[in-house]
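Residue numbers (this note's numbering): 12 to 244. For reference, the structure discussed in these notes is given below.
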């Protein structure tokens with residue numbers, strides 16, 4: 012009898028241990044404005060894993076003329092897996108699209124699934140061949156305090172010949188602030204010297220939604236992204 016039960020159980024255990032790829036629920040798609048064809052274009056997707064049977068959310072990207080197709084999936088283990096407790100797990104994924112030609116793009120996420128989403132991305136033509144028109148601070152962390160509109164931009168300058176000039180921003184008019192920590196050069200000679208910094212920035216109240224993306228521009232056309240919860244919304 013025990014042998015018979017084991018024979019029935021073995022296929023179930025094998026199924027429980029082999030994952031399959033499945034589309035996952037999307038909550039919001041953040042598309043910053045201000046990209047040009049010299050930038051490393053990226054968007055940010057938030058969503059959730061329905062339970063712990065879903066592991067390792069990831070994005071696969073296909074770009075054709077005027078069209079960006081993204082599949083957001085996870086590795087799904089069968090419910091019979093003993094490590095699948097019921098628990099919703101939120102995720103935030105920065106999707107790298109790389110250098111893109113100037114133009115308008117339709118962004119489709121999980122097309123032909125129950126979690127399908129569509130947005131518009133604009134890429135402008137760069138005014139110069141330089142990757143960045145300004146020197147930006149290398150921000151690798153944004154320190155957020157619950158209930159406060161003040162955040163701290165933390166990171167390193169690559170040389171002590173640069174100091175902060177201004178922290179500018181603009182919005183996409185919907186859900187994203189692009190934050191630009193601009194530097195100015197105060198010495199002619201710039202030795203390589205990693206210098207830590209911490210700059211305070213007050214998140215504006217122009218976008219009337221509970222959560223916004225802070226898209227902080229950094230060095231070499233890259234950025235640091237973080238979701239900010241509006242304390243007054």
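Quick reminder that beta carbons are idealized off the backbone N, C-alpha and C, glycines included.
- Sequence-distant partners of residue 53 (beyond 5 residues in either direction) whose C-beta falls short of 7 angstroms from its own C-beta, in its chain, are 105, 106, 107, 108 and 234.
- By a beta-carbon distance limit of 8 angstroms, residue 47 contacts residue 137. Their separation comes to about 4 angstroms.
- The alpha-carbon of residue 228 is positioned some 34 angstroms away from that of residue 125.
- Here residue 42 really is in contact with residue 132; their C-beta atoms are around 5 angstroms apart, less than 8 angstroms.
- Annotated three-state conformation of residue 110 is coil, per DSSP.
- Look at the region 104-179 and you find these whole runs of beta strand (DSSP E), each 3 residues long or longer: 114-120, 128-134, 149-155 and 161-168.
- In this structure, residue 37 places its C-beta atom within 7 angstroms of the C-beta atom of residue 58.
- Around the C-beta of residue 184, fewer than 16 other C-beta atoms lie within 10 Å, and the residue is accordingly described as exposed.
- Note on geometry: alpha-carbon atoms of residue 119 and residue 199 lie some 47 angstroms from one another.
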